[in-house]
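**Student:** When we follow the working numbering, the leftmost residue of the sequence shown carries the number 881, and every step to the right adds one. For glycine and all other residues, C-beta sits at the position ideal for the given N, C-alpha and C.
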Amino acid sequence: MLSEKQTALVEKMGIHFEQTIPPAAARIFSLLIVSEQESFSFDEIRDQLNLSKSATSNGLNFLLSMKKIEYYTKSGDRKRYFRWNPQNTLEHFKEGIEQVLGLSVLFEETLALQKCKESVNYQKIQEFTDLMNFLRIELPTVFLKWEKSKHKQQD
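Given below as structure tokens:
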């Protein structure tokens, strides 16, 4: 059972995830992240979030198809137990960064077509392009530093 604060955080996080995934899936994903419980059965998710069977099923299937969650079964138990897949979430995060950084190519094409290099639009596009190019160079180093810091903490 979630505390009031955890329930509020599931809702807050769910609203954030709704920017990219359907509402029921967003709440399920948030529940699996926020809860200290390792995994939830279908019925536990449905009861905890007060979702219909259809919304729960659709949300779980969406998250499974996106590999944001995974499930396992217990010997002698026909139920599936769902849990967050943090490794895949990190990969999705990195892919999202690459998508954003991919805009720099389109922005550079836009700059090449601009005739007035003094316009506010040109200057702002140039600024974003410079930032994205900077991030493209620096982010691999940031990820390496983060990985090294994780290994130091484990030692």
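Using the Cα positions of Leu960 and Thr953, report the straight-line distance between them to the nearest angstrom.
**Tutor:** On the sequence shown, residue 960 is found 80 positions in, with the first residue counted as 1. On the sequence shown, residue 953 is found 73 positions in, with the first residue counted as 1. Residue identity differs from the one stated: residue 960 is Arg in this sequence, not Leu. Straight-line Cα distance between these residues: approximately 5 Å.
**Student:** Which residues in the same chain as Ser999 place their Cβ atom closer than 6 Å to its Cβ, once the five residues preceding and following it in sequence are excluded?
**Tutor:** Residue numbering aside, residue 999 sits at position 119 when the sequence shown is read from its first letter. Closer than 6 Å at Cβ, skipping near neighbours: no residue.
**Student:** Are the CB atoms of Ser919 and Arg958 within a distance shorter than 9 Å?
**Tutor:** Here residue 958 corresponds to residue number 78 of the sequence shown, with the count starting at 1. Here residue 919 corresponds to residue number 39 of the sequence shown, with the count starting at 1. Taking 9 Å as the Cβ cut-off, Arg958 and Ser919 do not qualify as a contacting pair.
**Student:** Kindly indicate which three-state DSSP category Ser945 falls into: helix, strand or coil?
**Tutor:** For the purposes of this step, residue 945 is taken as the residue at position 65 of the sequence shown. Looking at Ser945 - three-state DSSP - the assignment turns out to be helix.
**Student:** Determine the closest residue to Ala906 out of Gln979, Glu950 and Leu929, with distance taken between C-alpha atoms.
**Tutor:** What you label residue 906 is simply residue 26 of the sequence shown in a count that begins at 1. Selected option, being the one with the closest Cα: Leu929.
**Student:** Are Gln983 and Leu1019 close, meaning C-beta to C-beta below 9 Å?
**Tutor:** The residue you call residue 983 lines up with position 103 of the sequence shown. The residue you call residue 1019 lines up with position 139 of the sequence shown. It is Leu, not Gln, that sits at residue 983 in the sequence shown. No; because the gap between Cβ atoms is not below 9 Å, this pair is not in contact.
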